[in-house]
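Visitor: Note that the sequence shown covers residues 10 to 179 in the numbering used here.
The structure is given below, and queries will be raised subsequently.
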Amino acid sequence: MYRSPDEAYPFLADEPQDLRCDFELLTDELASLTGLLAAKTEEPALREELLWLDEMIYHANPTLRTRFTLKPEEVEALRERTELLMREAAGTVHRFVLPQGCETAALAHVLRVKAKVLVRLLYRHIHQGHATPEGLIDFCNLLSGYFFGLALKFNRNARVEEEDFVSRNY
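In structure tokens form, the structure reads like this:
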């Protein structure tokens with residue numbers, strides 16, 4: 010197999026069943042999009058929170074190849090912030106909502122889904138027989154919930170009403 014001397018990342022040619030590089034690329038994408046969301050966020054405290062989260066995502070990035078370095082209190086801080094966002098949205102969301110609204114809310118919804126893709130990849134990694142830190146699984150799941158709560162907050166702040174989605178299948 011040809012390996013370019015200009016290779017963008019040394020693990021891109023890893024065996025297809027080795028999901029470590031996929032995880033690293035997905036976390037890189039998630040961090041990049043989080044940085045974009047921070048750039049579009051006007052509220053200074055929220056921008057700082059997103060930049061903190063951006064850094065946490067990058068700390069999680071090499072975990073499958075090396076070790077998990079997020080501290081329990083960092084994961085707990087994300088859990089508490091996610092719970093607060095959901096409490097703030099209480100009574101406004103009764104079912105599924107369409108991923109729409111203001112630009113920052115729409116971007117937060119994209120991040121929510123990307124975090125789910127990350128969780129799915131982690132479970133595939135586990136099904137292959139690899140040990141995976143529980144804290145990493147919690148962190149990635151919390152990212153999805155956090156970005157959902159954040160999407161609701163952005164829409165609320167922009168005075169955009171959530172639109173319920175009623176499935177024809179359920």
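Cβ coordinates follow ideal geometry from the N, Cα and C atoms, glycine included.
The model shown is predicted, which means the values in this text are computed figures rather than measured ones.
Name the residue from 73, 121 and 19 whose alpha carbon lies nearest to the alpha carbon of residue 151.
Guide: Within the sequence shown, residue 151 is the residue found at index 142, counting from 1. Considering only alpha carbons, the answer is 121.
Visitor: Here's a check: name, in chain order, each residue in its chain whose Cβ is nearer than 8 Å to the Cβ of residue 22, leaving out the five neighbours to either side.
Guide: Counted from its first residue, the sequence shown places residue 22 at position 13. If we look at residue 22 and ignore the five residues flanking it on each side, its Cβ neighbours are 10, 12 and 16.
Visitor: Distance check for residue 24 and residue 32, CA to CA, integer angstroms please.
Guide: Here residue 32 refers to the residue found at position 23 of the sequence shown. Here residue 24 refers to the residue found at position 15 of the sequence shown. If I take the Cα positions, the gap works out to 14 Å.
Visitor: Taking its Cβ as the centre, do 16 or more other Cβ atoms sit within 10 Å of residue 136, making it buried, or is it exposed?
Guide: Here residue 136 corresponds to residue number 127 of the sequence shown, with the count starting at 1. Its Cβ having fewer than 16 others within 10 Å, residue 136 is exposed.
Visitor: Using the C-alpha atoms, what's the distance from residue 81 back to residue 146?
Guide: What you label residue 146 is simply residue 137 of the sequence shown in a count that begins at 1. What you label residue 81 is simply residue 72 of the sequence shown in a count that begins at 1. Distance between the alpha carbons of residue 146 and residue 81: 12 Å.
Visitor: Classify residue 158: buried if its beta carbon has 16 or more other beta carbons within 10 angstroms, exposed otherwise.
Guide: For this step, residue 158 is matched to residue 149 along the sequence shown. Buried, since its Cβ has 16 or more Cβ neighbours within 10 Å.
Visitor: Looking only at its chain, what residues have a beta carbon closer than 8 Å to the beta carbon of residue 171, apart from the 5 residues adjacent to it on each side?
Guide: Walking along the sequence shown from the start, residue 171 turns up at place 162. So the list reads 101, 102, 106, 107, 110, 161 and 164, once near-sequence residues are dropped.
Visitor: Could you pull out every unbroken alpha helix (DSSP H) segment of at least 4 residues lying fully inside the region 87-126, listed in chain order?
Guide: Whole alpha helix (DSSP H) segments, 4+ residues: zero.
Visitor: Thinking just about the alpha-carbon of each residue, which of 18, 20 and 38 is nearest to the one in residue 123?
Guide: Translated into the one-based positions of the sequence shown, residue 123 becomes position 114. Comparing Cα-Cα distances from residue 123 to each of 18, 20 and 38, the minimum goes to 38.
Visitor: Let me know the secondary structure DSSP gives residue 174 once reduced to three states.
Guide: Counting from one through the sequence shown, the residue named residue 174 turns up at place 165. Residue state, collapsed to three classes: strand.
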